[in-house]
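Chemist:
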Amino acid sequence: MNVLVIGNGGREHALCYGIKQSPNCSNLYCIPGSDAISEIASSIKIEVDDHDAILKYCLESKIDLVVIGPELPLTQGLSNRLINNSILVFGPDQMGAELEKSKKFTKDICKKLNIATAAYDVFENYDDALTFCQNQSYPLVIKADGLAAGKGVIICEKIDDAKDALIKCFKENSFGDAGSVVVIEEFLVGEEVSLFSLVDKNGFVLPLTTAQDHKKILEGEKGLNTGGMGAYTPVPSISSNKMHELSKIFIEPIVQYLAQKGINYQGMFYAGLIVTEEGPNLLEINVRFGDPETQAIIPLLETDLLELLHASATGSLNEIEKIKWKNDYAMTIVMATNGYPEDYKKLTLISNLENLFLRKDDYLFHAGTTLRKHKWLSNGGRVLNISSTGKDLKTIRQNIHKVIDQITWDEGYYRKDIGWRYIDE
Ligand code: AMP
Ligand code: GLY
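Shown next as structure tokens:
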């Protein structure tokens, strides 16, 4: 099979790595790819939003399957464009991607289907939203409706915070169009769990696994929100049976509802849940693999990844036998540039990457690097993902730290407490 992956981050590096392991992968391409991805796939210099060029490339290179990594091309309809031209795609169409693009869209579906989620209201102007916030108890959560790169969710401790958040959305336009509608919801307390299910074009839902991300930049879950600083899989408190049950409650009804509306959802369905004292609630839906969760999930997966992705695109996930895993747990730790998620230096030197000693269960994925004159430089906020698999999270974390200790990078920062919920210090 000729396979094309869309994207250039750590998630796509891991996807390329996983797909490449399949005996059914003949040629692997990545648009736009990266210097690190080029070591395992051909990186093709086409802009991700140039759908005409991507389609032309697929037809010319006889691509059998396109795997779309990030949400943006999905919300821009890349999947529709390719499927309409008889190309198999892993990733939902534009209407399916609305689940991630609009929090209001998802919350309204939850309300209709009686799916547990935080109580909410939707506002389209500053004055009405402020009046509402003046009559609420705190904390309160204010969310830009649209895509805001993980920055559009503001937890407000008091009315002044709410006012600041509303000014950002409505007056300062900090989130552009994404903030022209806001969802204001009740603050929930509990453990967060990410649930990943594969969905095929016939609406068959195959629960894959669970994972736990660490969104805050600082140890002890403090500081600003990021795209994710580390993750592990599966979540020890969620048994396989429980995962299937959660998928039936939170994912299957939404997939069925979309199908009734003529929307054939196919690809990854990533449900962000929070388990409160009253039970699990849906926080958000993402329509793609998580980043960095994928960098932990793929090293652990024994079942052929390409077979799973292809089965989603062709509608044959029901034929997949039990999913197999190589080990009990996996973790990934993100190395970021000092200053991220705010300002940080670019193109800083990372030494030693070529000479790392990796044991057979250790993996290095590049999220934001570039190769200049045979030297690896940082090229983004989240830069490296070091992953490992094993029998227990504590040992896995120690093994990842042993890899990190070999990397000489003055600007590098990572959280040392990934997995704290399940590791006795
Ligand atoms: P979201 O993008 O909607 O998942 O929100 C990002 C993060 O904000 C979540 O992972 C939670 O940590 C937090 N969050 C979002 N909604 C709520 C809520 N209703 N109550 C508590 N925390 C929330
Ligand atoms: N790690 C969070 C996300 O992929 O949205």
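Position 120 of the sequence shown, counting from 1, maps to 120 under the working numbering, and the rest follow consecutively.
From the three backbone atoms N, C-alpha and C, an ideal C-beta is built for every residue, glycine too.
Computed from a predicted structure; not experimentally measured.
Using alpha carbons as the reference points, say which of Ile298, Thr337 and Lys402 lies closest to Leu349.
Modeler: For the residues Ile298, Thr337 and Lys402, the minimum Cα distance to Leu349 belongs to Thr337.
Chemist: Is the beta carbon of Leu72 within less than 7 Å of some heavy atom of ligand 1?
Modeler: No, Cβ of Leu72 sits at least 7 Å from all heavy atoms of ligand 1.
Chemist: Buried or exposed for Arg415, going by 16 or more other Cβ atoms inside 10 Å?
Modeler: buried
Chemist: So Asn125 and Phe175 are supposed to be a Cβ contact under 8 Å. How far apart are they, rounded?
Modeler: About 15 Å separates the two Cβ atoms, so there is no contact after all.
Chemist: Please give the ranges of any alpha helix (DSSP H) in the region 60–99, keeping only runs that are unbroken, at least 4 residues long and fully inside the region.
Modeler: 71–75 and 78–83
Chemist: Collect the residues with a C-beta less than 5 Å away from any heavy atom of ligand 1 and give them in sequence order along the chain.
Modeler: This selection yields Ala118, Val141, Val153, Glu185, Phe187, Leu188, Gly272, Leu283 and Glu284.
Chemist: Which same chain residues end up closer than 6 Å to Asp417 when comparing Cβ atoms and leaving out the 5 residues on each side of it in sequence?
Modeler: Glu219
Chemist: Taking the beta strand (DSSP E) that Phe105 falls in, what are its first and last residues?
Modeler: No beta strand (DSSP E) holds Phe105; the alpha helix (DSSP H) holding it covers Lys103 to Leu113.
Chemist: Since Ser42 sits in a beta bridge, which residues does DSSP pair it with?
Modeler: Tyr29
Chemist: Cβ-heavy atom distance between Asn8 and ligand 2 below 7 Å?
Modeler: no
Chemist: Spatial neighbours of Glu197 within its chain, please: CB distance less than 7 Å, with the 5 preceding and 5 following residues excluded, ordered by chain position.
Modeler: Before going further, note that residue 197 is Ser rather than Glu in the sequence given. Val205, Leu206, Pro207, Leu208, Ser247, Ile251 and Phe269.
Chemist: With Gly272 and Leu283 assumed to form a contact (beta carbons below 8 Å), what rounded beta-carbon distance in angstroms separates them?
Modeler: 4 Å
Chemist: Can you grab the Cα-Cα spacing for the pair Ser26 / Asp52, in whole Å?
Modeler: 24 Å
Chemist: Please state the DSSP three-state secondary structure of Met229.
Modeler: In the three-state reduction of the DSSP assignment, Met229 falls in the coil class, being assigned neither a helical nor a strand state.
Chemist: Put Pro207 into one of helix, strand or coil per three-state DSSP.
Modeler: strand
Chemist: Are Pro70 and Arg288 closer than 8 Å when you measure CB to CB?
Modeler: It is a contact, given that the beta carbons lie within the stated cut-off.
Chemist: Smallest Cα separation from Glu157: which of Glu185, Ala178, Asn173 and Asp177?
Modeler: Glu185
Chemist: Can Asn84 and Gln94 be called in contact, C-beta distance under 8 Å?
Modeler: Not closer than 8 Å, so no.
Chemist: Within the region 107–158, note down every full beta strand (DSSP E) run reaching 3 residues or more, in order along the chain.
Modeler: DSSP runs (the beta strand (DSSP E)) wholly in the region 107–158: 120–123, 140–144 and 153–156.
Chemist: Relative to ligand 2, is the shortest distance from any of its heavy atoms to the C-beta of Asn225 smaller than 7 Å?
Modeler: no
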